[in-house]
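A.B. asks: Residue numbers (my numbering), protein chains in the order written: chain A, -4 to 218; chain B, 2 to 228.
Please see the structure below; I have some questions.
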Amino acid sequence: MQINLLHRPAQALAQVWLEPNESIVAESGAMVGMTTNVQMQTQSGGLMKGLKRMFGGESFFRNTFTAHNGNGELLLAHALSGDMSVLEMTQHGYFLQSSAFIASSPTVNIETKVGGFRGFFSGAGVFVLKAVSQGPGQVLVGGFGGIQELMCDGNIVIDTGHLVAWDATLTYTVGKSGAGWIASYLSGEGLVCHFKGQGRIWIQTRNPVEYGRSVGSQLPPRG
Amino acid sequence: MQYEVRQKPDFGIVAVRFDAPGEQLLVESSAMVARDTAMEMKTQMTGGILGAAKRKLLGGESIFQNTFTATAAGQTLWIAPGPEGDVQELICDGVTPVFMQSGAFLACAPTVQLDTKWGGAKGFFSGAGLFLLRAMGTGPLFFSCYGGIHPVDVGPNGYIVDTSHIVGWTGGLEYQVRKVGGLKSLFLSGEGLVCEFRGQGRVWVSTRNPSSLAAFLQPFRPVKNNG
């Protein structure tokens, strides 16, 4: 499997080359186009897994695309404007902010995890995905805006709305940004993620929830 | 006439420089960004009232289009589409027509004829709109979309495109709307319907689609207060 990223950064499109009988698992709705020998199968992976995923902010279902009778091409894209990155699987794997997931090799196991925070204030960050695999594999992630790679050397604090993915070598806790709840709320920084350890973190240069609020409030009311 | 599409793919804009007086470009209504003051602008209903009404009602284009005519050599014209995204340029060869999704047209030489074509009932199910714009003639043609434009050369084996990502395609391609996967996939995959293109030609796909953006924004709309 080879993934080429085209039209970067704002309109990124992933061109996936599949070898004969090779598959890729993609988020529902991500397919833009494909050669006719690529076949799609929809699966929830069981009711509980599907439900858990839905609570994780993703779709209940995922699609598996497989090339039959020769090589196949598949085009994948994210819903919002922004860049994509291909993460090569490591021994420790990755944590992903749930809406960043676009696709992964079938060898990669994607689990929905509770992000370690129980609260009502959150726009994001209650659920995260963990990508792990025994062998080599790839995960395709998408961001809103550009994607910036940061190194965590010791510790760093990141707004949850800007998170895309991070190395699973890092430990993290989700919490308030300021000293107290009121100060945190008033600062407009909302929830932040405190990272500890050594590893890479990918952030998106725009926060989708902030964007939604700024544009959505200009729209006529629903219902 | 010389032209260049700049700021691709994020915010495409066409810079046109006319070589001689009398040279013309037909531009979609409201797409002009800047022009020489001495340039002539004429607003018209291309194809007459009926043709224009048909295009508006059926093809999703504006009733009016503007024709810009150079009055001297070296005059410049800048044109850009509404949504953020790419602009594609193409030289029509007089032999192969180009079909566009309604709303994709940006500009063309006056020697290119635009017509609205019945896309067939399959257009209705595909979400691609019932009608298509057909461009035929010789000279440059510009079209645009929300997102980047990615060209796909279709060979005898065909190519499948999500219906909400089609911008346009060249004549010589046949297409069929169908579902992907089994019946379960039709309702649950989130992929809806696809177009399967067959034949020899090129399809332009958009890397984003406005309906996904709208669906993302929907929950952020204020809730109506009935009290």
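Ideal Cβ positions, reconstructed from N, Cα and C, are used throughout, including at glycine.
Would you mind telling me which residues of chain A sit closer than 7 Å to B/ARG209, beta carbon to beta carbon, in chain order?
C.D. replies: Those within 7 Å of B/ARG209 in chain A are GLN6, ALA72, SER76.
A.B. asks: Based on DSSP bridge pairs, tell me the residues matched to B/CYS93.
C.D. replies: Beta-bridge pairing links B/CYS93 to B/GLY140.
A.B. asks: Locate the beta strand (DSSP E) running through B/ARG179, then write down its first and last residues.
C.D. replies: Its beta strand (DSSP E) spans residues 174 to 180.
A.B. asks: At a cut of 8 Å, does the segment 188 to 201 of chain A reach the segment 161 to 169 of chain A through at least three beta carbon pairs?
C.D. replies: Yes: the two stretches touch, three or more of their Cβ pairs being nearer than 8 Å.
A.B. asks: By how many angstroms is the C-alpha of B/GLU24 removed from the C-alpha of A/GLY137?
C.D. replies: Going from the Cα of A/GLY137 to the Cα of B/GLU24 covers about 45 Å.
A.B. asks: With a cut-off of 8 Å, do at least 3 Cβ pairs link the segment 194 to 213 of chain B to the segment 140 to 159 of chain B?
C.D. replies: Touching, yes, given that three or more Cβ pairs across the two stretches are closer than 8 Å.
A.B. asks: Against chain A, with Cβ distances strictly below 8 Å, would B/SER213 count as a contact?
C.D. replies: True, the Cβ-Cβ gap to chain A drops below 8 Å.
A.B. asks: For B/TYR176, would you say it is in contact with chain A, using Cβ-to-Cβ distances shorter than 8 Å as the test?
C.D. replies: For B/TYR176, the answer is no, since every Cβ of chain A falls outside 8 Å of its Cβ.
A.B. asks: With a Cβ-Cβ cutoff of 8 Å, do B/PHE69 and B/MET101 count as a contact?
C.D. replies: Result no, Cβ atoms of B/PHE69 and B/MET101 do not sit closer than 8 Å.
A.B. asks: Along chain A, which residues have their Cβ under 7 Å away from the Cβ of B/GLY23?
C.D. replies: Chain A residues near B/GLY23: none, gap ~37 Å exceeds 7 Å.
A.B. asks: Anything in chain B within Cβ reach of A/PRO216, meaning under 7 Å, just list it in chain order.
C.D. replies: ARG222, PRO223, VAL224, LYS225, listed in chain order.
A.B. asks: Can you tell which of B/ILE14, B/GLY104, B/LEU214, B/LYS180 has the C-alpha that lies nearest to the C-alpha of B/ASP87?
C.D. replies: Cα-wise, what sits closest to B/ASP87 is B/ILE14.
A.B. asks: Sort A/ALA95, A/THR61, A/GLN199, A/VAL152 by Cα distance to A/PRO225 and report the nearest one.
C.D. replies: Absent from the structure is residue 225 of chain A, since the part of chain A shown begins at -4 and ends at 218.
A.B. asks: Of all the beta strand (DSSP E) runs that stay within the bounds of the segment 125 to 162 of chain A, which reach a length of 3 or more residues?
C.D. replies: You should have 133 to 137, 142 to 154, 158 to 162.
A.B. asks: On the DSSP bridge assignment, give the partners of B/SER207 in chain order.
C.D. replies: For B/SER207, which the question treats as bridged, DSSP gives the partners B/ILE150.
A.B. asks: Exposed or buried, which one is B/SER232 when buried takes at least 16 other CB atoms within 10 Å?
C.D. replies: As shown, chain B starts at 2 and ends at 228. That puts residue 232 of chain B outside it, with no answer to give.
A.B. asks: Any idea which residues DSSP pairs B/PHE100 with across the strands?
C.D. replies: BP columns for B/PHE100 point to B/ARG135, B/TRP170.
A.B. asks: Give the residues from the segment 24 to 40 of chain A that approach chain B closer than 9 Å (Cβ to any Cβ), ordered along the chain.
C.D. replies: Those residues of the segment 24 to 40 of chain A that come within reach of chain B (Cβ to Cβ, closer than 9 Å) are GLY24, ALA25, MET26, VAL27, GLY28, MET29, THR30, THR31, ASN32, VAL33, GLN34, MET35, GLN36, THR37, GLN38, SER39.
A.B. asks: From B/ALA110 to A/ALA126, what does the alpha carbon distance come to, in whole angstroms?
C.D. replies: Each residue's alpha carbon lies about 52 Å from the other.
A.B. asks: For B/GLY95, count neighbouring Cβ atoms within 10 angstroms of its own Cβ and tell me buried if that reaches 16, exposed if not.
C.D. replies: When all chains shown are included, B/GLY95 counts as exposed.
A.B. asks: Is it buried or exposed, B/ASP20, if we count other Cβ atoms within 10 angstroms and call 16 or more buried?
C.D. replies: By the neighbour-count rule (16 or more Cβ atoms within 10 Å), B/ASP20 is not buried but exposed.
A.B. asks: So, is the C-beta of B/TYR4 closer than 8 Å to a C-beta in chain D?
C.D. replies: You won't find chain D in this structure, because its protein chains are A and B.
A.B. asks: Taking A/ARG208 as the query, report the chain B residues whose CB atoms sit under 7 Å from its CB, ordered along the chain.
C.D. replies: Under the 7 Å cutoff, chain B gives PHE221.
A.B. asks: With H, G and I counted as helix, E and B as strand and the rest as coil, what does DSSP make of A/ALA9?
C.D. replies: Residue state, collapsed to three classes: strand.
A.B. asks: Would A/GLY132 be called buried (16 or more neighbouring beta carbons within 10 Å of its own) or exposed?
C.D. replies: When all chains shown are included, A/GLY132 counts as buried.
A.B. asks: Could you round the C-beta distance between B/GLY169 and B/VAL113 to whole angstroms and report it? I think they count as a contact, below 8 Å.
C.D. replies: Not quite, the Cβ-Cβ distance comes to about 13 Å (not below 8 Å), so this is no contact.
A.B. asks: Anything in the segment 76 to 105 of chain A with a Cβ closer than 8 Å to a Cβ of chain B? List those residues in chain order, please.
C.D. replies: Under the 8 Å Cβ criterion, the segment 76 to 105 of chain A contributes SER76.
A.B. asks: What separation, rounded to the nearest whole angstrom, lies between the Cα atoms of A/GLY170 and A/LEU145?
C.D. replies: Rounded to the nearest angstrom, the two C-alpha atoms are 20 Å apart.
A.B. asks: Hey, would you say A/ASN66 sits closer than 8 Å to A/LEU13, going by beta carbons?
C.D. replies: Yes, the pair counts as a contact, with Cβ atoms nearer than the cut-off.
A.B. asks: Would you check if there are 3 or more beta carbon pairs closer than 8 Å linking the segment 68 to 88 of chain A to the segment 16 to 29 of chain A?
C.D. replies: With a cut-off of 8 Å, the segment 16 to 29 of chain A and the segment 68 to 88 of chain A count as touching, because enough Cβ pairs lie within range.
A.B. asks: Below 7 Å CB to CB, which residues in the same chain sit around A/CYS147 once its five sequence neighbours on both sides are set aside?
C.D. replies: Excluding residues within five positions, the ones whose Cβ falls inside 7 Å are LEU165, PHE190, GLY192, GLN193, GLY194, ILE196.
A.B. asks: Just checking my contact of A/THR200 with A/GLY141 at CB under 8 Å: how many whole Å lie between their CB atoms?
C.D. replies: At roughly 4 Å, the Cβ-Cβ gap stays under 8 Å, so A/THR200 and A/GLY141 are in contact.
A.B. asks: Determine, using beta carbons only, whether B/PRO211 and B/TYR147 come nearer to each other than 8 Å.
C.D. replies: Taking 8 Å as the Cβ cut-off, B/PRO211 and B/TYR147 qualify as a contacting pair.
A.B. asks: For A/HIS63, would you say it is in contact with chain B, using Cβ-to-Cβ distances shorter than 8 Å as the test?
C.D. replies: Cβ-Cβ to chain B under 8 Å: no for A/HIS63.
A.B. asks: Would a check of beta-carbon distances place A/LEU124 closer than 8 Å to chain B?
C.D. replies: For A/LEU124, the answer is no, since every Cβ of chain B falls outside 8 Å of its Cβ.
A.B. asks: Starting from A/GLY207, trace the beta strand (DSSP E) in both directions and tell me its first and last residue.
C.D. replies: Element bounds for A/GLY207: not the beta strand (DSSP E) but the alpha helix (DSSP H), 203 to 211.
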